[in-house]
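These notes concern the structure reproduced below.
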Amino acid sequence: MKSSEHLSRYEEIAYLIAKRIVSGNIKENEKLRGRSLLSSEYNVSSETIRKAMQLLSNYNVVSVKERSGIYVSSILDARAYIKHFEHTRSNKNIVKETEHLLNEQAKINQQLEKKFKQIVNTYEKDVFPFSYFTCEIPNNSLHLGQSFESLKIYDNTKGLIIAYEKEGDLYQIPDPKTIIESGMTLYILGDKKVKEQTIKYLK
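Mapping of the sequence shown onto the numbering used here: residues 872 to 1074, in sequence order.
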């Protein structure tokens, strides 16, 4: 069995020993080899073997007899541990694979978002190669209740209102008689200097 990154090494060693018991390689009531020999056989530390034996003992697969050694107690319990281990390994693999897929999906979504922004930016430059900005009408604006026509924004800022947004709806080429309301967002044609003047003017 290949080493699994999802389970502890001592759990894997316990699994391998349980399989040897079930296969008949190690008989019921037979004494297991010492920790040092087992650690050499499985190329792990004595502490890992100790944990593996303790785990098998918890499942009644082996019994630890003080000053005597470790003996195989039950083939049936060895089968039960194998079933438990394989079920746990399967579940952990599914969780790990799901996490991997979610991470990959997140990366793909980020790439799609980046590409979409590139497409939008390219499209905007091709279709509307002019500089514009948005400006939201504040609640305390002195121009509330005025029409776009009476606002005379071009005369005062050199900006040109090309659209406005109200309650989530976008209106292009607005009627000059449109009344200015709080929270309305204006789309204004102009450069950085025009933007600064417009924001100051609409306060």
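Yeah, the Cβ is synthetic: ideal placement off N, Cα and C, and Gly gets one too.
_On the criterion of 16 or more Cβ atoms from any shown chain inside 10 Å, does Gly-1030 qualify as buried, or is it exposed?_
Numbered from its first residue, the sequence shown carries residue 1030 at position 159. Gly-1030 is buried by the Cβ-count criterion.
*asked:* Just to confirm the assignment, what range does the beta strand (DSSP E) spanning Phe-1004 have?
replied: In the sequence shown, counting from the first residue as 1, residue 1004 sits at position 133. Residues 1003 to 1007.
_Quick check on the DSSP output: the beta strand (DSSP E) that includes Ile-878 runs from which residue to which?_
As a working mapping, residue 878 is identified with position 7 in the sequence shown. Looking at the sequence itself, residue 878 is Leu, so the reference to Ile does not match. Careful: Leu-878 lies outside any beta strand (DSSP E) and carries neither H nor E.
*Are Arg-880 and Val-933 closer than 8 angstroms when you measure CB to CB?*
As a first step, residue 880 must be located in the sequence shown, where it is residue number 9. As a first step, residue 933 must be located in the sequence shown, where it is residue number 62. No, the Cβ-Cβ distance between Arg-880 and Val-933 is not below 8 angstroms.
*How close, in whole Å, do the beta carbons of Ile-1059 and Ile-1032 come, if the pair is a contact with beta carbons under 8 angstroms?*
For the purposes of this step, residue 1059 is taken as the residue at position 188 of the sequence shown. For the purposes of this step, residue 1032 is taken as the residue at position 161 of the sequence shown. Right, their Cβ atoms sit about 6 angstroms apart.
*Hey, would you say Tyr-942 sits closer than 8 angstroms to Lys-902, going by beta carbons?*
Counting from 1 along the sequence shown, the entry for residue 942 is found at position 71. Counting from 1 along the sequence shown, the entry for residue 902 is found at position 31. It is a contact, given that the beta carbons lie within the stated cut-off.
_Could you tell me the alpha carbon to alpha carbon distance between Leu-1073 and Gly-1039, rounded to whole angstroms?_
The residue you call residue 1073 lines up with position 202 of the sequence shown. The residue you call residue 1039 lines up with position 168 of the sequence shown. Going from the Cα of Leu-1073 to the Cα of Gly-1039 covers about 21 angstroms.
*For Val-915, which three-state DSSP category applies?*
Position 44 of the sequence shown, counting from 1, holds the residue named residue 915. The answer is coil: DSSP assigns Val-915 none of H, G, I, E or B.
_Cβ neighbour criterion (16 or more within 10 Å) applied to Thr-993_ = Along the sequence shown, read from residue 1 onward, the residue named residue 993 stands at position 122. Exposed, since its Cβ has fewer than 16 Cβ neighbours within 10 Å.
*Please report how far the alpha carbon of Glu-876 lies from the alpha carbon of Thr-969, in whole angstroms.*
Within the sequence shown, residue 876 is the residue found at index 5, counting from 1. Within the sequence shown, residue 969 is the residue found at index 98, counting from 1. Because Glu-876 carries a pLDDT of 48, less than 50, the predicted location of this residue cannot be relied on, and no value is offered for it.
*Ile-941 - DSSP class collapsed to helix/strand/coil*: Against the sequence shown, residue 941 aligns to sequence position 70. Strand.
*Could you check which residue in Thr-1056, Glu-899, Glu-918, Asp-1026 has the C-alpha nearest to that of Ile-884?*
Along the sequence shown, read from residue 1 onward, the residue named residue 884 stands at position 13. The option with the nearest alpha carbon to Ile-884 is Glu-918.
*Is it right to say Phe-956 is buried, meaning 16 or more other beta carbons lie within 10 angstroms of its own, or is it exposed?*
Taking the sequence shown and counting its residues from 1, one reaches residue 956 at position 85. Buried, since its Cβ has 16 or more Cβ neighbours within 10 Å.
*asked:* Here's a check: name, in chain order, each residue in its chain whose Cβ is nearer than 8 angstroms to the Cβ of Ser-907, leaving out the five neighbours to either side.
replied: The count along the sequence shown starts at 1 and reaches residue 907 at position 36. If we look at Ser-907 and ignore the five residues flanking it on each side, its Cβ neighbours are Ser-917.
*For Leu-1013, count neighbouring C-beta atoms within 10 Å of its own C-beta (all shown protein chains included) and say buried if the count is 16 or more, exposed if not.*
Indexing the sequence shown from 1 puts residue 1013 at position 142. Classification for Leu-1013: exposed.
*Grab the span of the alpha helix (DSSP H) containing Gln-1017 for me, first residue to last.*
As a working note, residue 1017 is residue 146 in the sequence shown. Premise fails: Gln-1017 is in no alpha helix (DSSP H) and is neither H nor E.
*Exposed or buried, what is Thr-1028 when buried is set at 16 or more other beta-carbons lying within 10 Å of its beta-carbon?*
Locating residue 1028 in the sequence shown gives position 157, counting from the first residue. Classification for Thr-1028: buried.
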